[in-house]
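First comes the structure, then the notes that go with it.
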Amino acid sequence: MKGLVLFGYNKPNRYTWAILLGYLEQDPVLMEYYDFKPLPFQLYQALDHPEVIRSIPFQDYDIVVIAYSLMSIQMPQFRDFNLQHPQYFSKLHPNVVTVAGGAHILAKPEDLQNLNVDFVIPNEGERAFQQLLHALRAQPKSKTKSKSFIDVTSLSGVGRVFPNYIPATPPELITLGDYPSFSPKFRIFGPIEISRGCPFRCKFCQTGNSTQRMRHASVENLLKWITLGADLKYDKLWFLTPNAFAYGSRNGITPNVDALYQLLSGIAQIKKIKGIYFGTFPSEVRPESVTREVLDTVTPFVANKKFLIGAQTASNRLLRTLARGHTIEDVYTAIDLLNEYGFKCEVDFIFGLPGEQKADIEANIQFFEDVRSNRLKNVKIHTHTFMPLPGTPFENELPGKVAPKLQEIIGKMAKEGKAYGEYQAQAGMVSTRYTKK
220 MKGLVLFGYN KPNRYTWAIL LGYLEQDPVL MEYYDFKPLP FQLYQALDHP
270 EVIRSIPFQD YDIVVIAYSL MSIQMPQFRD FNLQHPQYFS KLHPNVVTVA
320 GGAHILAKPE DLQNLNVDFV IPNEGERAFQ QLLHALRAQP KSKTKSKSFI
370 DVTSLSGVGR VFPNYIPATP PELITLGDYP SFSPKFRIFG PIEISRGCPF
420 RCKFCQTGNS TQRMRHASVE NLLKWITLGA DLKYDKLWFL TPNAFAYGSR
470 NGITPNVDAL YQLLSGIAQI KKIKGIYFGT FPSEVRPESV TREVLDTVTP
520 FVANKKFLIG AQTASNRLLR TLARGHTIED VYTAIDLLNE YGFKCEVDFI
570 FGLPGEQKAD IEANIQFFED VRSNRLKNVK IHTHTFMPLP GTPFENELPG
620 KVAPKLQEII GKMAKEGKAY GEYQAQAGMV STRYTKK
């Protein structure tokens, strides 16, 4: 008896699968029973890749698990595919099980009703997916409806969608760092996850509104897995965390310079490592965590020449409304300090935030003029437009609109090499790969 797990390994879900497979590989029973096949496209795009689908030997398997990790921006295409082609995968095999997790499912698992999904994993997925795969494996060998006999109430973190909706029980949280955040077996790599969760509750963000506390992987475990990765030629490291400078912090707010030093100095001693890129994409640093003590600690070890700072707006009024927990003065101070230590800065801004007023727009423009005039040196603006995300206090707000004056100055900055980003796509001003053809 043999099972197949199909999933799409490409943007924007690559990091999820690298972490998930790194965990599942530690289970020899699952590795023996299931073949895991990553496809270079999202499974809801299967119609665009018929030759790849035809090459998969579905007949060799007793069960096929179709696995999705979904962000809110992916839901329109996912919904269209499942409504227009409800039996697409079922026609390829008589025993197909569809499982979905990800950021959108965390907030709105009920959105998957009537979309040919059997199970949801709306929260932390490692142990929940592991348990579900074992439960499916343990079913009778019959190829008909084995999924119908799964009792999700006995599986922590797993919910049922079809034939009737049963909410998931609370997940069993893992100990971060007990497994690698990449896949040695399948050579699927992503940033090294060092922390999970966020103590802040920014009103536009799903992360802080879905976690209770910040957890950190231990230095000992991180060094173990990084050494393993280096042996596999995974020798340039990026990191996954809401705030790189909060690594090891007890409250997730106050930097722990001892933990930062132990981690970075330990990595630097691994001979095969060729570069440590810390506090840059896909992680960032909060402006108030940029201090001399932190920079004295990290500067000797990092290869990056820039840091990514989350500012979001130059308006202190809006920062208070957003519950950001810092001021625009903190941003100015952080930039000046980073310049002093020889670093450039990329600064996140979100346009069209709920409640944005003329004075808030003018505050942004003043900040951008400071960048253009080199009052703020070595700064590039990373632009976004507000999108209401489920599970946040702003989920029922209207999508953001970008003021004409902001469009004008950002256009000038882009030509000057001082701004970039997807704010136009997020505002619906230009098409994206998620726009329906």
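Residues in the sequence shown are numbered from 220 upward in steps of one, following the numbering used here. Idealized CB from N, CA, C, for every residue including glycine. Since the structure is predicted, the reported quantities are computational estimates derived from the model, not experimental observations.
Just how far apart, CA to CA, sit residue i and residue j?
i      : j      : result
GLU270 : TYR252 : 26 angstroms
GLU412 : TYR398 : 10 angstroms
ASN232 : ASN523 : 24 angstroms
GLU614 : PRO607 : 5 angstroms
LEU239 : LYS624 : 44 angstroms
PRO390 : ASP370 : 15 angstroms
SER617 : LEU225 : Sequence check: residue 617 is Leu here, not Ser. Those two C-alpha atoms are separated by around 35 angstroms.
VAL476 : PHE419 : 20 angstroms
LYS362 : ALA322 : Below a pLDDT of 50, predicted positions are generally treated as unreliable, and LYS362, at 46, falls in that range; the measurement from the model is reported next regardless. The alpha-carbon atoms of LYS362 and ALA322 are separated by roughly 32 angstroms.
GLU503 : THR446 : 24 angstroms
PRO506 : LYS327 : 31 angstroms
ALA553 : MET433 : 23 angstroms
LYS230 : GLN261 : 9 angstroms
ILE407 : LEU395 : 19 angstroms
ILE489 : ALA463 : 20 angstroms
ILE492 : LEU441 : 13 angstroms
LYS577 : HIS601 : 21 angstroms
ILE393 : SER400 : 12 angstroms
ALA646 : ASP279 : 46 angstroms
PHE568 : LYS310 : 46 angstroms
MET648 : GLY630 : 13 angstroms
PRO305 : ASN535 : 49 angstroms
LYS620 : GLY529 : 20 angstroms
Measuring alpha carbon to alpha carbon, tell me which residue in the options is nearest residue i.
i      : options                           : result
THR510 : PRO519, SER274 and PRO474         : PRO474
VAL283 : VAL513, VAL315 and ARG432         : VAL315
LYS599 : PHE586, CYS424 and PRO609         : PHE586
GLU439 : THR460, PHE401 and LEU483         : LEU483
PHE500 : GLU565, ILE489 and PHE408         : GLU565
ASP281 : PHE568, VAL336, SER375 and MET220 : MET220
SER373 : GLY241, PHE381 and PRO386         : PRO386
LEU223 : PRO247, GLU244, ASP254 and LYS230 : ASP254
LYS404 : GLY647, GLN245 and SER592         : GLN245
ALA286 : GLN332, ILE407 and PHE308         : PHE308
ILE340 : LEU334, ASN333 and LEU351         : LEU351
THR604 : PHE562, ALA633 and GLN531         : GLN531
ASP555 : ASN583, PHE526, ARG536 and GLN358 : PHE526
GLY320 : CYS421, GLN293, PHE520 and GLU627 : GLN293
GLY674 : TYR263, GLN645 and CYS421         : Residue 674 lies beyond the residue range present for the chain, which begins at 220 and ends at 656; the question has no answer from this structure.
GLN332 : GLN303, ARG298 and LEU311         : ARG298
GLN303 : ASN335, TYR642, CYS417 and ALA533 : ASN335
GLU588 : LYS620, LYS563, GLY561 and ALA533 : ALA533
LEU595 : PRO305, LYS637 and GLU627         : LYS637
GLY561 : ASN597, PRO247 and VAL550         : ASN597
With which residues is residue i paired in a DSSP beta bridge?
i      : result
GLN531 : PHE568
GLN412 : According to the sequence as given, residue 412 is Glu; it is not Gln. Note: GLU412 sits in a beta bridge opposite LEU459.
LYS563 : LYS525
ILE407 : SER402
GLY448 : Partner(s): none; GLY448 has no beta bridge.
VAL339 : ALA319 and GLY378
VAL590 : DSSP lists no partner for VAL590.
PRO257 : PHE226
List the whole-angstrom C-beta distance separating residue i from residue j, where the pair is believed to meet the contact cut-off of C-beta under 8 angstroms.
i      : j      : result
SER288 : TRP236 : 7 angstroms
LEU355 : ASN342 : The pair is not a contact, with the Cβ atoms about 19 angstroms apart (cut-off 8 angstroms).
LEU479 : GLY467 : 7 angstroms
ILE580 : ALA633 : About 18 angstroms; that fails the 8 angstroms criterion.
TYR228 : LEU258 : 7 angstroms
PHE338 : VAL380 : 7 angstroms
Does the beta-carbon of residue i, which I'm using as the reference point, lie nearer than 7 angstroms to any heavy atom of the ligand ADP?
i      : result
LEU266 : This structure does not include the ligand ADP; it has no bound ligands of any sort.
Quiz item: Using 8 angstroms as the Cβ pair cut-off and three pairs as the minimum, do the region 563 to 580 and the region 464 to 472 touch?
Solution: no
Practice problem: Would you be able to state if there are at least three C-beta pairs under 8 angstroms between the region 512 to 526 and the region 534 to 545? | Solution: no
Quiz item: Does the count of Cβ pairs from the region 421 to 430 and the region 256 to 275 closer than 8 angstroms reach three?
Solution: no
Practice problem: Would you check if there are 3 or more beta carbon pairs closer than 8 angstroms linking the region 450 to 460 to the region 492 to 499? | Solution: yes
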